Structures are given as structure tokens and as C-alpha cells.
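Report on one structure; see the data block that follows.
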Amino acid sequence: MDWWRFAMYPGLMQAFVNHVSQQPDMVVFRHKEHGIFVPMSYRQAYEKVEAIASWLSAKGIGKGDRVAILSENSVYWALADLAIISLGAISVAIYPTLTPRDVHYIIQNSGSTIVFVQDLMQLEKVLGYQNIDTITSIVVMNNQYKGNGKVVNLQNVFNYEGTKVNINDSIQSISSEDPICIIYTSGTTGPPKGVVLTHGNIAYVINTIAGMIGDVSVITESLSFLPLSHALERIAGLFFGVYLGKTVAFAESINTILADMQAVKPTHAIAVPRVFEKIFERVVQMAEKSPVKKKIFWWSVKVGRTWSEIVSHKQKPGILLKLKYGIANALIFRKITKATGGRLKYFVSGGAPLSKQIAEFFHAANILVLEGWGATEVSAPATWNSPHEFKFGSVGKPLPGVEVVVADDGELLVRGPIVFKEYWGRPEATAEAKDSEGWYHSGDIGYIDKDGWVYITDRKKELIINAAGKNISPLNIESIIKQSPYISNVMVYGDRRKYITALINIDRENVLQYCREKGVTVNEQNLHTLPLVNELIGKEIGRLNNDLARFEQVKKFTIIPEDFSVENDMLTPTLKLKRKNIIARYKDAIDAMYEGELLLVE
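Numbering (this note's numbering), first residue to last: 1435 to 2036.
Below is the structure:
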């Protein structure tokens, strides 16, 4: 990569080591202990990273080996990650919400021999792995666990007194083409695919985004609350902060974001649309407590969006609008600015489409939400709205040096230094996603306007991306739900929604038999309306949800009167679901399952 010699630093760990030397007392991480944010300097972090790396090296971990992390966000997640990477080894992120089945698959597929786990609950998942003998050590990061046999506590690792690894020496052998991490993402069929990203992928993304921002001195501290197992938070949050010598604070949980923002006062943060929707919903709920507050709020929202539209197009608002906005700002928007800490320069949004109205609302509150588009396979962002050039409703323009084109069928293709190396151990899947000319086939349908702004309009793949930005395979969920003897077919839904719902075809013969056994005489035509049948299907879905990760679980369902068939154009000749046709036919039923969920639509 020719750009390599023009980067600020050759790679993430070279940047980290430089910051340790140049600003050892600068805070790199803040994490909560007993309800209080505790700082950790670059020097302190280096000492802990060195200890973990030395212990890993003593366990035989070296360049190219895989080490997994199964945990919610924490400073220890970040320290373990940096230690693994410093040896030239490959860090494997595993969502803590995954089922034991998926955890075992990822450990096996990646060939990870050491696993860092958050606590005893995650430890149990790993101990249930049938090939447990291939794992040499498990490190529990929760202080309360003392360790036993191959299971050790992280504090014991920190206290390692053997031969120390010289990180500055170990990172010299790392090249831009070497893998840095494997991030598993759900596919539309089959097990998760491990996306291999390189040191060069990460360094390129960080350097180009930093260049688009310009003066990076205005951003000093981020608040991390999305899962570090998610490519967006990992790259644009943790890696970005460490590479640029900034501070990354870890929120206590997703439920404490606003309180943590007021404590940390971040200058920037990464989020998904559902976070913005939730904040907006909370503001609306407070505003609608009285008729007067409600009227003021919605008047302010209207004024704010008008102001945002004009300002974002670099036009000057008129005197009357300035006056109205001044009032709206004093009554509503200033409070929102204060609630986020008062220093927030911008949010980066990705993972799912963001409502234009939501972006304009936050812009009116002097909080710029900069939406991007991409995928794990393109190192998170392929396009981005920058602080100096943005257009709400679009997903921005391609990063410098990155090509984005529209194929004949409308699919967006991406080529450039951000495209992933391969799917780990899946050469056929790699060839399907990345062609011989280096184009990544995104599966997203969109267009590029005459000014170069990119828009996403649809998804070619069947993959669901929920409101939190998680990739969810509908076929995986459907195959599990159809294990019920009382369910003949099912289509799940959840795009841009906060939970998964399902349209159910019942197995009429088995359901009729169940009703007879319960002593209930029924009319076969009205089976779908019976409370007894609804209760039965509810119990079945509840039972089968145990085999799904929390974010995959079906929360609501509707039993529909007609079966999906080729004749009614809801199945293909090969009996695959025609999702668009089904969604169009049952739009009202789907919407009813999300009744009360506040969504802003154009």
C-alpha cells in the first residue's frame, strides 16, 4: 500500500507505543469502579498490556495465533485486545450475548487456543465446548474468580513475573497485510463468518477519517457504549482513540449513557440510530406531560428542523428564524446539549439507516450526527458525512482513496485499502463477497447523486439489521422456530426495529389434534383466532427462543390466516419466502406488532 509511508504511524501499536513515550501521563482510558470514573494513563495501560502480552507469549502465543475475547465492554477488554495485537497475534471478538452453540463455533472456526471471558456466566459457555482440550487457558476478567487449573484470573496475569516481552521489538515484524482481528458477522445462511481485517485496513480508515475531520485537537475524549465486538465501536471508537492519542471512557452500560455523558463530558461518541431514537423518545415523553409543554416542544422541533435545513446548506437564516430559534434553543435544545455533557462536537452514526428528522433534531441542539455506511468487510465505514461537508438523509461520500460504484442491478460495490482480507477458513464465501478485481459486493441497493452523495434504498441480501445495528440472520431464526411441530412456516421481521417479530403459519393438523386433546371443539377455518392456539404458539416460541441469542429472540408474533404458498405468490417455485411480497401483504399486521414504538419516517 503506497499510502502506508504517509500515515501518521505505520499501525495501531506503533501509535500506542509512541504516545506512551511522548505523553505517558495522558489519560488513555476511563472506567467505572464503585460508580466513579477512574482514569488510566498511557504509562499505566502500557504496563498492563506488557504484562498480558508477556504472559500470552509464555503460553506460546505469537504472530498469527488467535486469542478470543468473550465479554461486555470494559477497560480489561481493551487491554487484552492491545496485548494480543502487540504480539502480532489475531484478536477474535465474540459477542457476550451469543448462545453457547455460536460461541463454540467461533472458537473452533478461528482456532483460538486462549479465551478471555468476562465472568462465570461466560466461562460456563466456554467450559461446555466439546473440544475444550484445544483451549490451553481461559482468563476470567472478573476479580471475584480466583482461578483453577487452566482457568486463571486476570489479576494473576497482571502479576506475571516471567520474561517480559519488549512490545517495541515485537511490533517491528508486523506488516500492513498482517491480520489484526477477526470479527464474526451473521450471514443469511449458515454459521457466522469471520471477517479478517488487517493492520493496513485499520490504519487507512483512521488516517482518512482523521483527514476528513481536519483539526483532531478539538476532539479529546469519546464515550464507548456500543459493543467492542461490533466493528464500528472497535474501529471508530477504541482503535481511533488509541491511534490518535485520545481518551476513551467506557460507559457503565447502555442504560447509563446520559448519566455517564454528564460525568465524562465527551467530545464525540459512536452510536446507532436506536440510541438517538431512544433519547428523542425520552424527550417527547417528558414534553407531553402537559398540553402547554407539548405545544412548545413540537413548535420548537419544527423551528429547529427549519433552522437545521438552512444551516446545513450553508445558508444564512433570516432575522425572524433567528429569533424563533433563539427561543426554541432556550426552551428545549440547550437542555439537550447540557444533558449530553455540553462538550459534544458530534456523534458518528452507523449500522442502520438514520431518520433525517432525527439528525435535524439533534443538529438543532448543536449536536452534529454524522452518518456513514459500510460493513465489517470494509473496516466499518466506506462512506461518511464529515463535520465540514454533510447532507442529512445521505450516508455521505466515499472515503478518500475508496471507490464506490453502483452495479447494473443497483448493488453498491466497494474497492480500496479498506476491503477485508478474507473470511477466515471460508474461501468460497470470500470469493462470493469479493471478486477477482477486488470489489466487495455489499448486498445493499442504493444510488449516488450527481454531487457524489451516497444513498441506501434497500438491501439485496436477506440480512436483518436491527435498530441497534446488529446483523441478524432471519433464516437462522426461522429454522429454529420451525422446529415446533405446531408451526409449519414463519417469516421474521426486524429491519430498523428494536426487536424481532414473526408472522406464523400454523401446522393445522397438529394444532387441531392439540385442541381436541384439550377438549375444545373448533372450526378449522378460525384456528388462527383462538386464544388457546395463540397461547400454544406463544409457549412454543418462548421455548425455542432459548436456542437464540437475546437480540435474535422473537418478542411478538401474529398467526396469519393463509399459508405461504407458490399459488398466492408468497413462495418461490423452490419454496423460498418472497419476503417483499409477504411484507407488503401483511404490512398492517407487522406495524401492529410495533405499535407504541416511536419511529420518525419521511
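Cβ atoms here follow ideal geometry from the backbone N, Cα and C, with glycine treated the same way.
All of these numbers come straight from a predicted model, not from anything done at the bench.
Where residue i sits in the DSSP three-state scheme
| i | result |
| --- | --- |
| Phe1673 | helix |
| Ser1508 | coil |
| Ile1495 | coil |
| Pro2007 | The predicted model places Pro2007 with a pLDDT of 49, which falls under 50 and marks its position as unreliable; any figure quoted below should be read in that light. Reduced to three states, the DSSP call for Pro2007 is coil. |
| Met1474 | strand |
| Phe1781 | strand |
| Phe1684 | strand |
| Ile1792 | helix |
| Pro1846 | In the sequence as displayed, the identity of residue 1846 is Leu instead of Pro. Strand. |
| Ala1867 | helix |
| Gly1634 | helix |
| Ser1813 | coil |
| Glu1655 | strand |
| Val1483 | helix |
| Gly1469 | coil |
| Arg1464 | strand |
| Pro1458 | coil |
| Ala1798 | helix |
| Lys2021 | helix |
| Ala1703 | strand |
| Phe1710 | helix |
| Val2035 | With a pLDDT of 26 at Val2035, under the threshold of 50, the modelled position of this residue cannot be trusted; read the value that follows with caution. Coil, per DSSP. |
| Asn2015 | helix |
| Ala2026 | helix |
Chain B within 8 angstroms of residue i, Cβ atoms only
| i | result |
| --- | --- |
| Thr1531 | Note that chain B does not occur in the displayed structure, where there is just one protein chain. |
Through-space distance from residue j to residue i, alpha-carbon basis
| i | j | result |
| --- | --- | --- |
| Val1926 | Glu1481 | 48 angstroms |
| Leu1532 | Val2000 | 35 angstroms |
| Gly1976 | Ala1936 | 13 angstroms |
| Leu1657 | Val1682 | 6 angstroms |
| Leu1666 | Gly1496 | 27 angstroms |
| Ser1544 | Thr1570 | 14 angstroms |
| Glu1862 | Glu1856 | 10 angstroms |
| Glu1715 | Pro1626 | 33 angstroms |
| Pro1995 | Ile1915 | 18 angstroms |
| His1875 | Asn1960 | 46 angstroms |
| Trp1807 | Thr1597 | 44 angstroms |
| Val1956 | Leu1946 | 8 angstroms |
| Ile1879 | Lys1584 | 48 angstroms |
| Thr2008 | Tyr1539 | Confidence at Thr2008 is low in this model, with a pLDDT of 49, below 50, so its placement is unreliable and the value that follows should be read with caution. If I take the Cα positions, the gap works out to 29 angstroms. |
| Phe1767 | Ala1799 | 4 angstroms |
| Glu1969 | Leu1978 | 14 angstroms |
| Leu1662 | Glu1943 | 47 angstroms |
| Gly1634 | Ile1744 | 39 angstroms |
| Gly1844 | Leu1804 | 24 angstroms |
| Val1560 | Arg1535 | 10 angstroms |
| Lys2021 | Ile1541 | 40 angstroms |
| Thr1568 | Ser1870 | 35 angstroms |
| Leu1811 | Lys1680 | According to the sequence shown, residue 1811 is Glu rather than Leu. If you take the alpha carbons of Glu1811 and Lys1680, they lie about 26 angstroms apart. |
| Gln1987 | Val1586 | 33 angstroms |
| Gly1760 | Trp1741 | 10 angstroms |
Residue(s) in a DSSP beta bridge with residue i
| i | result |
| --- | --- |
| Asn1587 | Val1574 |
| Trp1818 | Gly1806, Lys1831 |
| Gly1628 | Tyr1618 |
| Glu1856 | Val1630 |
| Glu1837 | Arg1849 |
| Pro1613 | Thr1632 |
Rounded Cβ spacing between residue i and residue j (contact assumed at less than 8 angstroms)
| i | j | result |
| --- | --- | --- |
| Tyr1780 | His1702 | 6 angstroms |
| Val1451 | Asn1641 | 17 angstroms between Cβ atoms; not a contact. |
| Met1575 | Tyr1677 | Wrong, their Cβ atoms sit about 24 angstroms apart, outside the cutoff. |
| Asn1905 | Ile1911 | With 8 angstroms as the limit, Asn1905 and Ile1911 do not qualify as a contact, their Cβ atoms being about 12 angstroms apart. |
| Phe1684 | Asn1507 | 5 angstroms |
| Phe1471 | Ala1697 | 6 angstroms |
| Ile2016 | Met2027 | Actually they are not in contact, since the Cβ atoms of Ile2016 and Met2027 sit about 14 angstroms apart, beyond 8 angstroms. |
| Leu1765 | Ile1713 | So it is not a contact: roughly 17 angstroms between Cβ atoms. |
| Ala1901 | Pro1707 | 6 angstroms |
* Asked: Can you list the beta strand (DSSP E) stretches of 3 or more residues lying completely in the region 1907-1991, in chain order?
  -> Segments of the beta strand (DSSP E) lying fully in the region 1907-1991: 1921-1927, 1934-1940.
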